[in-house]
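Peer 1:
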Amino acid sequence: MVTYLAKLGELTLKGSNIKQFEKQLLQNARSYFGGDDEIKISLRAGRMYFAADESRSSKIEYCLEHLVGITGWAKTQVVEKNIDAIKDVVYNLCVQAAQNGAKTFKCEARRADKGFPLDSYQINREAAARVFDQKVLLVDVHKPDVKVFIEVRDQVYVYTDDKKGIRGLPVGVSGHGLLLLSGGIDSPVAGWRMMRRGMKIDAVYYHSYPYTSDEAQKKVEDLAERISAYGISVHLHIVSFTEAQMQIKKSSPESWSTLLLRMCMMRVANKIADRIGAQCIVTGESLGQVASQTVENMAVTESMAAYPLIRPLVGMDKEEIIADAVTIGTYDTSILPYEDCCVLFSPKHPVLKADKEEAKKIYDAMQIEPLLEKAFEERAIKRFWNGALQS
Numbered sequence: 000m001v002t003y004l005a006k007l008g009e010l011t012l013k014g015s016n017i018k019q020f021e022k023q024l025l026q027n028a029r030s031y032f033g034g035d036d037e038i039k040i041s042l043r044a045g046r047m048y049f050a051a052d053e054s055r056s057s058k059i060e061y062c063l064e065h066l067v068g069i070t071g072w073a074k075t076q077v078v079e080k081n082i083d084a085i086k087d088v089v090y091n092l093c094v095q096a097a098q099n100g101a102k103t104f105k106c107e108a109r110r111a112d113k114g115f116p117l118d119s120y121q122i123n124r125e126a127a128a129r130v131f132d133q134k135v136l137l138v139d140v141h142k143p144d145v146k147v148f149i150e151v152r153d154q155v156y157v158y159t160d161d162k163k164g165i166r167g168l169p170v171g172v173s174g175h176g177l178l179l180l181s182g183g184i185d186s187p188v189a190g191w192r193m194m195r196r197g198m199k200i201d202a203v204y205y206h207s208y209p210y211t212s213d214e215a216q217k218k219v220e221d222l223a224e225r226i227s228a229y230g231i232s233v234h235l236h237i238v239s240f241t242e243a244q245m246q247i248k249k250s251s252p253e254s255w256s257t258l259l260l261r262m263c264m265m266r267v268a269n270k271i272a273d274r275i276g277a278q279c280i281v282t283g284e285s286l287g288q289v290a291s292q293t294v295e296n297m298a299v300t301e302s303m304a305a306y307p308l309i310r311p312l313v314g315m316d317k318e319e320i321i322a323d324a325v326t327i328g329t330y331d332t333s334i335l336p337y338e339d340c341c342v343l344f345s346p347k348h349p350v351l352k353a354d355k356e357e358a359k360k361i362y363d364a365m366q367i368e369p370l371l372e373k374a375f376e377e378r379a380i381k382r383f384w385n386g387a388l389q390s
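Under numbering that gives the first Met the number 0, the residue at position 118 of the sequence shown is numbered 117, and the numbers go up by one with no gaps.
As structure tokens, this is what we get:
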């Protein structure tokens, strides 16, 4: 048998509604195992525990690497509640660490059970004594090569290799958003950041075949699949936008084409959000990054939104966004050389400071609403669950 310990994060600060957050976290964790009853999950006093046969370790670790709502996790040894048993396990872990090249160590005890006869300082001292006396490792309380964590709770949990979690709030406690998902770097990160705030995310992608290739669509599907590993499930709405883009090109000033396209996207997003019961629309816009993301142009885009428009990346620079994309595993897919419809139809000299009233006049003159309604009704939907396409 193996046991994993996960540390809860922000949700422990909740008050009377903490049970709702804990219930959602447990439900999300169980969803990664597809009904595998051999993996036992429990939650007690700010810790979540996973116990199963060793053969299920990879399943549990995949869950813990993607589960939103935990600050850290570790594979742990469960020890009898006496200091001699603790000392034996600590010694063995330090011997193993020394064999792997470690030179220094530190014990960090946490006594949640105040009935245990030794306090945290005494536990640290007793647990470290044999390791120090036998010169297995030297003590370094500032920058040790290895930290040995000792948690005295209902049982004693001892571990060394603790890993960082995703943090945030459990997906599903903060409503439902619709993400405008392109094939670029920014929008998958925007969706992930909202998932970390507890929001369930579905997505819409606008495809302009044959001007955008099947590879471009596959790229976006891969991105939706990837972020579904964090968001439990993502339904991707694929909207054919070829006719709409041809209408924009034919009946509007070239300099306005990108902004008008964004306005049309927002109109269709409104319809999808209404159909699926979403409460907001999420975009990957970052202030000043491209021509459509000036304050004035973002105001024009937002004027077409029937729902709150959330821009989680608005104050981030490209390097920060790329760092997040690398972290969540979307970067390599996002930089594949398949352009989306926004890039392919970009004007050489786009309008930078659009006026909302002028934008609305140009939009109305295109008489494009019937094409947008048709695109909405004919959309395709692909469903992803925990990092995989559902059949």
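We put the CB at the ideal spot given by N, CA and C, even for glycine.
These numbers were taken from a predicted model, which means no experiment stands behind them.
I need the straight-line Cα distance from Pro252 to Ile17, nearest angstrom please.
Peer 2: Going by the C-alpha atoms only, they are around 54 Å apart.
Peer 1: Using a threshold of 8 Å, state whether the C-beta atoms of Arg166 and Thr70 are closer than that.
Peer 2: Contact: yes.
Peer 1: Classify Ala304 as helix, strand or coil using the three-state DSSP reduction.
Peer 2: It is coil, neither helix nor strand.
Peer 1: I need the DSSP call for His65, collapsed to helix, strand or coil.
Peer 2: Helix at His65.
Peer 1: Name the residue from Lys373, Ser250, Ala304, Ile380 whose alpha carbon lies nearest to the alpha carbon of Asp363.
Peer 2: When each option's Cα is compared against that of Asp363, the closest is Ser250.
Peer 1: By alpha-carbon positions, which one of Leu117, Arg46, Ala126, Glu53 ends up nearest to Ala84?
Peer 2: Closest by alpha carbon: Ala126.
Peer 1: Count the other C-beta atoms from every protein chain shown that fall within 10 angstroms of the C-beta of Val325, then say buried if there are 16 or more, exposed otherwise.
Peer 2: Val325 should be labelled exposed.
Peer 1: Would the beta-carbon of Leu222 fall within 8 Å of that of Thr103?
Peer 2: Contact: no.
Peer 1: How close, in whole Å, do the beta carbons of Tyr204 and Leu235 come, if the pair is a contact with beta carbons under 8 Å?
Peer 2: Yes, they are in contact, since the Cβ atoms of Tyr204 and Leu235 sit about 6 Å apart, within 8 Å.
Peer 1: In the DSSP assignment, find the unbroken alpha helix (DSSP H) run with Val188 in it and report its ends.
Peer 2: Its alpha helix (DSSP H) spans residues 185-195.
Peer 1: Spatial neighbours of Arg266 within its chain, please: CB distance less than 7 Å, with the 5 preceding and 5 following residues excluded, ordered by chain position.
Peer 2: These residues qualify, in order along the chain: Met303, Leu371.
Peer 1: So, helix, strand or coil for Phe131, using DSSP?
Peer 2: DSSP places Phe131 in helix when its eight states are reduced to three.
Peer 1: Out of Asn296, Gly197, Asn269, Trp384, which has the shortest C-alpha to C-alpha gap to Gly68?
Peer 2: The shortest C-alpha separation from Gly68 is found at Gly197.
Peer 1: Which residue from Leu25, Val145, Lys22 puts its Cα closest to that of Tyr158?
Peer 2: Residue Val145 is the option with its Cα nearest to Tyr158.
Peer 1: Among the residues of its own chain, which have a CB less than 8 Å from the CB of Ile309, if the five just before and after it don't count?
Peer 2: Result list for Ile309: Gly176, Met193, Cys279, Ile280, Val281, Thr282, in chain order.
Peer 1: Ile280 lies in the beta strand (DSSP E); which residues open and close that run?
Peer 2: 279-281 is the span of the beta strand (DSSP E), which, as asked, contains Ile280.
Peer 1: Beta-carbon separation of Arg46 and Leu12 under 8 Å?
Peer 2: No. Outside cutoff.
Peer 1: According to DSSP, Ala50 sits in a beta bridge with which residue or residues?
Peer 2: Paired residue(s): Thr2, Lys39.
Peer 1: Buried or exposed for Ile271, going by 16 or more other Cβ atoms inside 10 Å?
Peer 2: Ile271 comes out buried.
Peer 1: Out of curiosity, what's the CA-to-CA distance linking Val89 and Ala305?
Peer 2: Distance between the alpha carbons of Val89 and Ala305: 59 Å.
Peer 1: By Cβ distance, which residues of its chain are closer than 6 Å to Phe148, with the 5 residues on each side in sequence left out?
Peer 2: Around Phe148: Glu107, Tyr158.
Peer 1: So Ile361 and Trp255 are in contact, right, with Cβ under 8 Å, and what is the actual spacing, rounded?
Peer 2: At roughly 6 Å, the Cβ-Cβ gap stays under 8 Å, so Ile361 and Trp255 are in contact.
Peer 1: If distances are taken between C-alpha atoms only, which option among Ile38, Arg43, Tyr3, Gly34 comes closest to Lys22?
Peer 2: Here the closest residue by C-alpha is Arg43.
Peer 1: List in chain order: all unbroken beta strand (DSSP E) runs of 3+ residues lying wholly within the stretch 102-174.
Peer 2: The stretch 102-174 contains these whole beta strand (DSSP E) runs: 103-110, 145-151, 155-158.
Peer 1: Can you tell me whether Ile200 is helix, strand or coil according to DSSP?
Peer 2: DSSP places Ile200 in strand when its eight states are reduced to three.
Peer 1: Looking at the unbroken alpha helix (DSSP H) that takes in Arg382, where does it start and where does it end?
Peer 2: Segment 379-384 is the beta strand (DSSP E) holding Arg382; no alpha helix (DSSP H) there.
Peer 1: If we count the other Cβ atoms within 10 Å of its Cβ and call it buried at 16 or more, is Gly230 buried or exposed?
Peer 2: Result: buried.
Peer 1: Once the 5 residues before and after Lys355 are set aside, which same chain residues still bring their CB inside 7 Å of it?
Peer 2: Cβ neighbours of Lys355 beyond the five flanking positions: Ala298, Val299, Ser302.
Peer 1: Tell me which residues share the same chain as Val188 and place their Cβ nearer than 6 Å to its Cβ, disregarding the 5 neighbours each side in the sequence.
Peer 2: Hits under 6 Å: Ile320, Asp323, Ala324.
Peer 1: Based on DSSP bridge pairs, tell me the residues matched to Trp72.
Peer 2: For Trp72, which the question treats as bridged, DSSP gives the partners Ala5, Lys162.
Peer 1: For Val138 versus Lys105, is the C-beta distance shorter than 8 Å?
Peer 2: Yes. Within cutoff.
Peer 1: Kindly indicate the opening and closing residues of the beta strand (DSSP E) around Ile367.
Peer 2: It is not in any beta strand (DSSP E) - Ile367 carries neither H nor E in the DSSP assignment.
Peer 1: DSSP three-state label for Gly328, please.
Peer 2: Here Gly328 sits in coil by DSSP.
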